[in-house]
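**Student:** First to last, the sequence lines map onto chains S and E. Count the first sequence with our numbering and you get residues 1 to 397, in order. Count the second sequence with our numbering and you get residues 1001 to 1397, in order. Cβ coordinates follow ideal geometry from the N, Cα and C atoms, glycine included.
There are 2 protein chains.
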Amino acid sequence: MKVLVIGGDGFCGWPTSLHLSDIGHEVTIVDNLSRRNIDIELEVESLTPIRPMGERVRVWKEVSGKELGFVNLDIATEYDRLVDLLTELRPDAVVHFGEQRAAPYSMRNDKAKRYTVDNNVRGTHNLLCAITTLGLDVALVHLGTMGVYGYGWSGSAPIPEGYLTVKVPTPDGDLAREILHPANPGSVYHLTKTLDQLLFAFYANNDGLRITDLHQGIVWGTQTPQTALDERLINRFDYDGDYGTVLNRFLMQAAIGHPLTVHGTGGQTRAFIHIRDTVRCIEIALNNPPERGDKPSVFNQVAETYRVRDLAELISRLTDTKIANLPNPRREAAENDLVVSNNRFLSLGLNPTLLSEGLLEESRDIAMRYADRADVSKIIARSVWRKGMEVADDLVK
Amino acid sequence: MKVLVIGGDGFCGWPTSLHLSDIGHEVTIVDNLSRRNIDIELEVESLTPIRPMGERVRVWKEVSGKELGFVNLDIATEYDRLVDLLTELRPDAVVHFGEQRAAPYSMRNDKAKRYTVDNNVRGTHNLLCAITTLGLDVALVHLGTMGVYGYGWSGSAPIPEGYLTVKVPTPDGDLAREILHPANPGSVYHLTKTLDQLLFAFYANNDGLRITDLHQGIVWGTQTPQTALDERLINRFDYDGDYGTVLNRFLMQAAIGHPLTVHGTGGQTRAFIHIRDTVRCIEIALNNPPERGDKPSVFNQVAETYRVRDLAELISRLTDTKIANLPNPRREAAENDLVVSNNRFLSLGLNPTLLSEGLLEESRDIAMRYADRADVSKIIARSVWRKGMEVADDLVK
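1. With distances taken Cα to Cα, identify the nearest neighbour of Arg81 of chain S among S:Leu233, S:Leu127, S:Glu67 and S:Val121.
2. In whole angstroms, what separates the C-alpha of Asn206 of chain S from that of Pro296 of chain S?
3. Pair every Cβ in the segment 1108-1119 of chain E with every Cβ in the segment 1055-1073 of chain E, then say whether three or more of these pairs are closer than 8 angstroms.
4. Is the closest heavy atom of the ligand SAM to the C-beta of Lys193 of chain S under 6 angstroms?
5. From the DSSP output, read off the bridge partner residues of Ile159 of chain S.
6. From E:Leu1346, E:Leu1326 and E:Gly1186, pick the residue whose C-alpha is nearest to that of Ile1284 of chain E; which is it?
7. Which one or two residues does DSSP pair with Gln1301 of chain E in a beta bridge?
8. Residues of chain S with CB under 7 angstroms from Asp1118 of chain E, in chain order?
9. Taking only beta carbons into account, state which residues of the segment 1162-1184 of chain E come closer than 8 angstroms to chain S, listed in chain order.
10. Shortest alpha-carbon distance to Pro49 of chain S belongs to which of S:Asn328, S:Leu209 and S:Asp230?
11. Nearest to Val141 of chain S by CA position, among S:Arg292, S:Asp174 and S:Arg210, is which residue?
12. Could you check whether Thr305 of chain S and Leu338 of chain S sit closer than 7 angstroms to each other, using their CB atoms as the reference points?
13. On the DSSP bridge assignment, give the partners of Arg1307 of chain E in chain order.
14. Candidates E:Asn1287, E:Met1368 and E:Asp1372: which alpha carbon is nearest Leu1348 of chain E's?
15. Buried or exposed: which applies to Pro276 of chain S, given that a residue is buried once 16 or more other Cβ atoms fall within 10 Å of its Cβ?
16. For my contact list, Phe299 of chain S and Glu161 of chain S are in at a C-beta cut-off of 8 angstroms; report their separation, rounded to the angstrom.
17. Report the option in E:Leu1164, E:Val1138, E:Pro1182 and E:Pro1185 whose CA atom is closest to the CA atom of Ala1176 of chain E.
18. Can you list, in chain order, the residues of the segment 1125-1146 of chain E whose Cβ is nearer than 8 angstroms to any Cβ on chain S?
19. To the nearest angstrom, report how far apart Arg369 of chain S and Gly1173 of chain E are at their CA atoms.
20. State the CB to CB distance for the pair Trp1385 of chain E and Arg1344 of chain E, rounded to an integer number of angstroms; the pair is presumed to be in contact (CB under 8 angstroms).
21. Is it buried or exposed, Leu143 of chain S, if we count other Cβ atoms within 10 angstroms and call 16 or more buried?
22. DSSP three-state call for Phe70 of chain S: helix, strand or coil?
23. Thinking Leu33 of chain S and Tyr239 of chain S are a contact (beta carbons under 8 angstroms), I'd like their distance in whole angstroms, please.
24. Which class does Thr1116 of chain E belong to by DSSP, given the choice of helix, strand or coil?
25. Which one or two residues does DSSP pair with Asp1238 of chain E in a beta bridge?
26. Mind listing which residues of the segment 1104-1117 of chain E have their C-beta closer than 7 angstroms to chain S's C-betas, in chain order?
27. Could you run through the segment 18-45 of chain S and flag, in chain order, every residue whose CB is less than 8 angstroms away from some CB of chain E?
28. Give the residues of chain E in contact with Thr222 of chain S, contact being defined as C-beta atoms less than 8 angstroms apart.
29. Can you have a look at Ala1254 of chain E and say buried or exposed, based on whether 16 or more other CB atoms are within 10 angstroms of its CB?
30. Mind listing which residues of the segment 147-161 of chain S have their C-beta closer than 8 angstroms to chain E's C-betas, in chain order?
31. How about Leu1338 of chain E: is its C-beta nearer than 7 angstroms to some C-beta of chain S?
32. Please identify, using Cβ separations under 9 angstroms, the residues of the segment 71-93 of chain S that lie next to chain E, in order along the chain.
33. Which stretch, first to last residue, makes up the beta strand (DSSP E) that contains Arg36 of chain S?
34. Counting only beta-carbon atoms, is Thr194 of chain S nearer than 7 angstroms to chain E?
35. Give, in chain order, every residue of the segment 1205-1222 of chain E whose Cβ lies closer than 9 angstroms to some Cβ of chain S.
36. If you draw a straight line from the alpha carbon of Gln197 of chain S to that of Ile179 of chain S, how long is it in whole angstroms?
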């Protein structure tokens, strides 16, 4: 089928585009290269040497014999070009990764907060509006986040896949009602994904759009079978305090012999998934879209959960590195449990890679292999959730 | 106190500005005059002859001796000027009416949908961001809508004031949890107010902003004691299919001898409040802000509920006019009940004007008095909620 991948130059978008191309779909990437521009702004780079889009597309053709389309287009600010592209291409499916996706970046300052809200909400809404106006019958798959749910909201009940049936007290007794899980976003970035959910619910209900929202955990791993075919196809590995996930920053610290820096007690539990499983989940979601008239379909895109300090200990043992504790700049509980339902993907055939199996490869083939490209000063997270929570300079190497 | 009224040139904003000035507050209006520009776009005008802002401000000085500030500024697109203004003024309170507020307009076409989302979300978020960045301790009062709740969601229970305690099933038994009432918006306009709620919840929680969200019903009535002091201070009366409420369109039809056009069965129940009570509610909200750290405070700003066909019958009797039925272009149930809690305002002293008391004045002093200014072709609502629901031309006079 014809698939448009919006944000196809990014960390999830690029390997997804290659995977979908590899299994025979006709893929066109739409990207405004914002992720590369933010690297310039933050004065950081992917640890792995990523190539310009033109080269990526050319090498993929060399290696696989398949064509990848690429259009440099900003869906948030170039609505008319988006409409023209959809009109010309008439895709069967659209995968939407085109949002600013780092929580720390979204909390840096008012400029970054505003960019995150304006870019993410406008982009998503423009896309919904264009599909509706053109009357296209597409399966829309959007990357959400586990962060829409918050932590510990539903007590000992596992976090459901999007929807929750609650009892509403009325004079005639309790009324059972299915609700979208209440929004508990922990950053402006996460907030935008809770806004997206309401946009999706409206356009599914009013206009019959067929939408799947994937609430993804923290993605780890760098390579998929396709990105590993040629070094010029390599995927991003971000290790900076804004875009690097906790796991990548641990791996990077270990690779350069720096203690693993745990914020707070490290008692925060987080959900994880390997990038190889992300691309498989997108494929599964594309093959199982909701019907016209259905509410948005929600999957929790996670493989397992880990407490941050347990993750640090796992990497510490694997790499023989010490652990150091720093203050936590986020507004969150020091300790939380996290039990997540992920039955929908498992029942559709996902057999996930676990951290205990894949971390050694990641440490050896990525973090250590490219360690000489690292800028050590960028590893610590400097964004603060509110004033007075800055990390002291003497804690930062 | 120093109060900034954003959207102070509009139908609710103008009388609110005069009321707050009248009771001794130092009022500065911020407005980009978008409401007047949309009139130009739609080729309609307020039935009542409204004056330019410069004249309005001058006449208010003549009549009351009080100064009103006015700054022509678009909070959605001129963030830096907004920051400069807040820095210079350091207001104690901000009343935020600065959003596109017509549901039919928001459904006209993709341009209007996108304008509504971009303008409303960006404006509200810019304001929250600016207040946070400057560290201002202001009471922020925002005009929401009863439309965030939808109709009939909670069965026989009255619609609560913003929050609802529900029971969440867990393996350890039911867990009581207070949630924001689930969002059930009926148009893109209403959708934006549900997005605002999530923005407010986040900034109240993360940054301690003190926010009151007023879920208002349909406002009727034109004049307040202040706008009635001089004809040059008169408030707007919109009767067109986009911005005119059902009530104003009935009054206008009656004034020109056209049958009252009821969409569908007229079985939709709606909540109403007089503009005189709107301005009083804003005053009460300003005097009763939440504390720093509180969740956003929500009031239902309504006086009474009416079924549309009963309202038509009330006006039909009052003016001796026939009733005609048209198809309903909205996606909604044909009939609904509506029971609303409005205890918070009543307990704080609001003694509302009811339709049965004030409609005659409205019909005689506004609709009939200015009937020769009406453009009859504009009364019928032409926006459709989705394709295929257009009103046939032969139903429209």
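**Tutor:** In brief:
1. S:Leu127
2. 12 angstroms
3. no
4. The ligand SAM is absent from the structure shown, which contains no ligands of any kind.
5. S:Val340
6. E:Leu1346
7. E:Gln1216
8. Arg122
9. Leu1164, Thr1165, Val1166, Lys1167, Val1168, Pro1169, Thr1170, Pro1171, Asp1172, Asp1174, Leu1175, Arg1177, Ile1179, Leu1180, Pro1182 and Ala1183
10. S:Asp230
11. S:Arg210
12. yes
13. E:Thr1269
14. E:Asn1287
15. Looking at the sequence itself, residue 276 of chain S is Arg, so the reference to Pro does not match. Burial call: buried.
16. 6 angstroms
17. E:Leu1164
18. His1125, Asn1126, Cys1129, Ala1130, Thr1132, Thr1133 and Gly1135
19. 51 angstroms
20. Actually they are not in contact, since the Cβ atoms of Trp1385 of chain E and Arg1344 of chain E sit about 32 angstroms apart, beyond 8 angstroms.
21. buried
22. strand
23. With 8 angstroms as the limit, Leu33 of chain S and Tyr239 of chain S do not qualify as a contact, their Cβ atoms being about 20 angstroms apart.
24. helix
25. Paired residue(s): none; Asp1238 of chain E is not in a bridge.
26. Asp1110, Lys1113, Arg1114 and Val1117
27. none
28. The contacting residues do not exist; Thr222 of chain S stays about 32 angstroms from chain E at best.
29. buried
30. Trp153, Ser154, Gly155, Ser156 and Ala157
31. no
32. Tyr79 and Val83
33. Arg36 of chain S -> not in any beta strand (DSSP E); alpha helix (DSSP H) instead, spanning Ser34 to Leu42.
34. yes
35. Asn1205, Asn1206, Asp1207 and Gly1208
36. 12 angstroms
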